[in-house]
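*Asks:* Quick note: my numbering has the sequence shown finishing at residue 184, numbered continuously throughout.
No residue lacks a Cβ here, since even glycine has one placed at the ideal position from N, Cα and C.
Dumping the structure here so I can ask a few things about it.
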Amino acid sequence: MSLFPRFTQECAPIFRLFDEYDRQAFRDLDGQFKSIRSFTPKFDVKETKTHYELHGELAGVEQKNINIEWTDNNTLTISGRHEYQKKLDHQPTVEDETSANTSKDTSVAKQSEKKDVAKQTESSNAKYWVSERSVGEFHRSFAFPARIDQDAIKASLKNGILSIVIPKATAPQARKIYIE
């Protein structure tokens, strides 16, 4: 029995197209809908005779922001969040404008100060042309068809890849019950 049907693999390009459409459609709504930003990390699931292996792409997600838990006997849930700060360009304010009533000496001094400040902040005030990295919250659940040994699971995060090894539980041994 296959854990995931072949249909899912055949339709993957269509699902990626829908994901890309969603990313582009809501790209400019960062501030308004920040709470609903989410993404779906890609996972590979492999089954062997003794265990299952999950390998998921979580580039940029810190270990402390990942939660792995069992929701029932055979369902593993992986959730978390990826935060990414981007600063908006500096907007001029009233304080930035020079007053028309100031003397020429004062305005020359202010202009030289502004040039020094501009040199210092030039590299820090970058303007984003494209922002394609996945940010927000994610939530994935995996249901396993076989019994799982929940106490022997091992998880690691290395180079942006979350690896989880989930051992299968041994079949319960038949026990004969004696009648007294």
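Quick one: any contact between the segment 41-58 and the segment 164-173, if contact means 3 or more CB pairs under 8 Å?
*Replies:* Yes, the segment 41-58 touches the segment 164-173.
*Asks:* Give the DSSP-derived three-state secondary structure of residue 147 in the structure shown.
*Replies:* Residue 147 falls in the strand class under three-state DSSP.
*Asks:* Can you grab the Cα-Cα spacing for the pair residue 74 / residue 80, in whole Å?
*Replies:* Looking at the two C-alpha atoms, the distance is approximately 5 Å.
*Asks:* Who are residue 49's beta bridge partners in DSSP?
*Replies:* Paired residues: 58.
*Asks:* Compare the C-alpha of residue 77 against each of 137, 155, 184 and name the closest.
*Replies:* That would be 155, whose Cα lies nearest to the Cα of residue 77.
*Asks:* Put residue 171 into one of helix, strand or coil per three-state DSSP.
*Replies:* Strand at residue 171.
*Asks:* Beta-carbon within less than 6 Å of residue 47's beta-carbon, same chain only, minus the 5 sequence neighbours each way: which residues are those?
*Replies:* Here the set comprises 58, 60.
*Asks:* Could you round the C-beta distance between residue 72 and residue 159 to whole angstroms and report it? I think they count as a contact, below 8 Å.
*Replies:* Contact holds; Cβ gap of about 6 Å.
*Asks:* Ordered along the chain, which non-local residues of its own chain (more than five positions away) have a Cβ less than 6 Å from that of residue 150?
*Replies:* The answer, listed in chain order, is 172.
*Asks:* Whole angstroms is fine: what's the gap from residue 184's alpha carbon to residue 174's?
*Replies:* Rounded to whole angstroms, residue 184 to residue 174 spans 30 Å at the Cα level.
*Asks:* What's the C-alpha gap between residue 52 and residue 180?
*Replies:* Between residue 52 and residue 180, the C-alpha separation is close to 31 Å.
*Asks:* Which same chain residues, not among the five before or five after residue 144, have their C-beta less than 8 Å away from its C-beta?
*Replies:* Cβ within range, chain order: 44, 45, 47, 60, 81, 82, 83.
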